[in-house]
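Here this note's numbering is used: the sequence shown runs in plain steps of one and ends on residue 728.
The beta-carbon is built from N, C-alpha and C at its ideal position, and this holds for glycine as well.
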Amino acid sequence: MRNARCYHGCMILLSFTVRNHKSIRDEVAIDLTRSALTTLKPKDGNWSAVSYPLAGIFGGNATGKSAVLDALRYTFTAIRHSATVWQESKSMRRAPFKLDGNSRTSASLYELDLVHDGRRYVYGFEVDQDGIRREWLRDVPSSRWRTLLERDREEGLLAFHPSLRAKIEVTPRELVLSRALLLKESSLYAFADDLVESFDIVLVKDSHRTARLSNLADSLADGDVTFPDLESLLQVADIGVLNVSIEETNIPERIRLAFRRLERDLREEEDEDASDKKEEPDGEDDEEGLEADELEQVARRLLFTHRGTVDDCPRFSIHEESDGTIAWLAIAVPALEALRGGGLLLVDEIDASLHPHLLEVLLGAFSDPLVNTHHAQLIFTSHESYVLSPLSEVRLEPEQIWLTDKTNEGVTELTCLADFPKHPDANVAKRYLTGRYGGAPRLSPSLFAALVDTGEAQE
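Here's what the structure looks like:
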C-alpha cells in the first residue's frame, strides 16, 4: 500500500522486461521512455519529461494482456515476500510457460529499468524451480553503469559494491532485496522499500470483489483516503451517492477507536494551530493497523446515502451497491492515492463496468501534468477501442499503445504501435478492430452457428 513517504521519492518506471512467465515464453519488454531520452539520463535531470505517465495494453481475449501485468505483479511480490511468506512453500513460487517442456524447467527473467530518488537503476533476477538463479542491481551515478549487486548461483557469487557496505546473507529462494526489507539498517532498505511501496495493482474481476472491498477499507483505516474523498469520487461518476459513512452500531471497540483516532488526526492536520487536544481513552494511541478480518468488518459496515425523493434519502450497504459503483471505487481510490503521492499503478481490464467517458476522466488525470504533479504512472489493459478513436478526449501517442497477440504455439507477443508503419490521420481504433495491428481476435462465427443448429437438431 502506498504511503505518504512516497511523496518525494517514488519510483518512475522506464521499462520492464520479462521472459518465461505464463503465456510469455520469449523475452518481451514494455518501454515507457520517450524518444527524447537519447542518453543514460536526461541532461537537466527531469525524468518526468522523458517518460510516459500512461500506457495501455490492448488485445483480444486470452492473448496475454493480463500476463504482462501479472509478470510485474510477480516481480514486486517477490521483492516483498520471497524472504518471508514465500519461505513457507516447499518450492520456489513461479509461473513459467507450460506449453513446452523446455520452458517449464528453464529460468524466468524479470528486469526493471527505473528511477529512484532521481537516479537510474536496473534491477533484475532470474528464477527457476530451485530458487534464485541470478540477481543484479546497477545504477548510473554519473555517465556510465555501475554494478551494485551481482549474484550468480552457478558461480557461487554474491558480491556488493563497496559503497553499499552491505553483508547480506540469503537463502536459495529469497531475493537480496527481500532480505534487505527485513534488515532496515541495510543500505539497500530504502531502495527496496521504495519499490514495494510505489507499486499497486487493481484486479476488477468479480472474483476479486472481496479483496477490493478490503483494500478500500484499508485505505480508509490508514487515512490515505477519507469519507469526503469517497463522496467526491462518487460524485465524479454521477452515481447518485450523497454521503458515505460507517455504521458504528455493534462495531468492535478497537475498530471504532481506530476511526476515531483517524478523524482526530485529520482534524489536527487541517488546523495546525489547534492547541487543545481531548484526552483519549486508554489504548487509543495504539498505532497498530487493523487485521484482515477487521478490515472486512469495516467494509461490511460502509453505508452509502443515495439521492432519493425530497423526504427520503435511503442508505445502502456496500453489498447492496452495484458492481459499477464497486468497480469505480476499486480503481478510483488507488488512482487517487497514486496521483497524490506518485508511484506505479496497474489496472487489469480497466474498462470493466466503467462507462467510456468515466474511463476518459481517469486516463486524463494521469495524462494532465497539472493534475499528475508527482508523475504517477498507470499501465492498464483494455478491450475498449474508444480511447483509441478520434472521439476520445484522451490522446495516446503510438509509443503509449501496446498490442498483444498469440501465436499458434500459444505464445504471447507484445508489440508497440509505434513499430507499425505510420499513416497520417489514420483511425487507430478502426484499424485495431479490423486487425491491421494484430491484437484483434480471430473469430469463427460459423462454428457458433453450427452449435446452435446442432442443438436444435437434437431437440
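Under three-state DSSP, which class holds K291? Coil, per DSSP.
Given L464, which residues of its chain have a CB within under 8 angstroms of its CB, disregarding the five upstream and five downstream residues? Result list for L464: M280, F345, I348, L381, L383, H385, Y392, L446, in chain order.
Near R362, which residues of its chain fall below 6 angstroms by C-beta distance, leaving aside the five closest residues on each side in sequence? Only W355 meet the Cβ criterion.
Would you kindly work out how many angstroms separate the C-alpha atoms of L406 and N315, rounded to a whole number? Cα to Cα, the separation comes out at about 22 angstroms.
Simplified DSSP state of V663, which is helix, strand or coil: DSSP places V663 in coil when its eight states are reduced to three.
For E653, does the count of other Cβ atoms within 10 angstroms reach 16, so buried, or fall short, so exposed? So E653 counts as buried.
When we look at the beta-carbon of S320 and count the other beta-carbons within 10 Å, is it buried (16 or more) or exposed? Buried, since its Cβ has 16 or more Cβ neighbours within 10 Å.
Quick one: Cα of L628 to Cα of E662, how far? L628 and E662: Cα-Cα distance of roughly 10 angstroms.
So, at 8 angstroms on beta carbons, what are the nonlocal neighbours of Q398 in its own chain, with the 5 sequence-adjacent residues on each side left out? The residues are S360, M361, R363, T374.
Within the same chain, show all residues whose beta-carbon is closer than 7 angstroms to that of K310, passing over the 5 residues directly before and after it, in chain order. Around K310: R389, V409.
Can you give me the C-alpha to C-alpha distance between G611 and A604, rounded to a whole angstrom? The straight-line gap from Cα to Cα measures roughly 10 angstroms.
Can you check which of these residues, P667, V494, V513, is closest to I587 by C-alpha distance? Looking at the Cα atoms, V513 is the closest of the given residues.
Per DSSP, which one or two residues make a beta bridge with W405? Paired residue(s): G393, E419.
Counted within 10 angstroms of its Cβ, other Cβ atoms place L282 as buried (16 or more) or exposed: Around the beta-carbon of L282, 16 or more other beta-carbon atoms lie within 10 Å, marking it buried.
Less than 8 angstroms between the beta carbons of S651 and I619, yes or no? In this structure, S651 sits near I619, with a CB-CB distance shorter than 8 angstroms.
Taking C-alpha atoms, which residue in F429, R422, G425, S284 lies nearest to T416? For T416, the nearest C-alpha among the options comes from F429.
By Cβ distance, which residues of its chain are closer than 6 angstroms to S292, with the 5 residues on each side in sequence left out? Excluding sequence neighbours, S292 sits near G333, A336, T681.
Going by Cα to Cα distance, which pick from W671, L683, T673, P667 is closest to K691? Comparing alpha carbon positions, the residue from W671, L683, T673, P667 closest to K691 is P667.
Beta bridge counterpart(s) of E668 as assigned by DSSP: Note: E668 sits in no beta bridge, so no partner.
Report all residues from its chain with a CB closer than 6 angstroms to the CB of L378; omit the five preceding and five following residues, and keep chain order. R288, E395.
Is the beta carbon of G325 closer than 8 angstroms to that of W597? One thing to note: W597 has its Cβ no nearer than 8 angstroms to the Cβ of G325.
Can you give me the C-alpha to C-alpha distance between T594 and E423, rounded to a whole angstrom? T594 and E423: Cα-Cα distance of roughly 52 angstroms.
Residues in the same chain with beta-carbon distance under 6 angstroms from C685, minus the five sequence neighbours each way, listed in chain order, please. W671, listed in sequence order.
Starting from the N-terminal side, write out each stretch of the beta strand (DSSP E) that is 3 residues or longer and does not extend beyond the stretch 575–616. Complete beta strand (DSSP E) runs here, min 3: 584–586.
With DSSP as the reference, label K367 as helix, strand or coil. K367: coil per DSSP, three-state reduction.
Taking Cβ positions, are L457 and L433 nearer each other than 8 angstroms? Yes, the pair counts as a contact, with Cβ atoms nearer than the cut-off.
Can you round the beta-carbon distance between P322 and L639 to whole angstroms, since I take them to be within the 8 angstroms contact cut? Not a contact, Cβ separation roughly 12 angstroms.
Taking the alpha helix (DSSP H) that T346 falls in, what are its first and last residues? Per DSSP, T346 belongs to the alpha helix (DSSP H) from 334–350.
Beta-carbon contacts of G679 that lie in its chain and below 6 angstroms, excluding the five residues immediately before and after: The beta carbon of G679 sits closer than 6 angstroms to the beta carbons of L368 from its chain, once the five residues preceding and following it are set aside; these are given in chain order.
Through-space distance from L614 to P365, alpha-carbon basis: Looking at the two C-alpha atoms, the distance is approximately 24 angstroms.
Report all residues from its chain with a CB closer than 6 angstroms to the CB of E740; omit the five preceding and five following residues, and keep chain order. Because the chain is modelled from 270 through 728, residue 740 falls outside the range shown and cannot be assessed.
Cβ of L472 within 8 angstroms of Cβ of V602? Not closer than 8 angstroms, so no.
Other residues of its chain near T574: CB distance less than 6 angstroms, five sequence neighbours each side excluded: Cβ neighbours of T574 beyond the five flanking positions: L511, N512, C582, R584.
Just the C-alpha distance for R403 and R420, rounded to the nearest angstrom, thanks. A straight-line Cα-Cα distance of about 5 angstroms links R403 and R420.
Checking 8 angstroms against the spacing of the C-beta atoms, do R481 and S351 come in under that value? It is not a contact, given that the beta carbons lie outside the stated cut-off.
Which residues in the same chain as V729 place their Cβ atom closer than 8 angstroms to its Cβ, once the five residues preceding and following it in sequence are excluded? In the structure as shown, the chain starts at 270 and stops at 728, and residue 729 therefore has no counterpart that could be examined.
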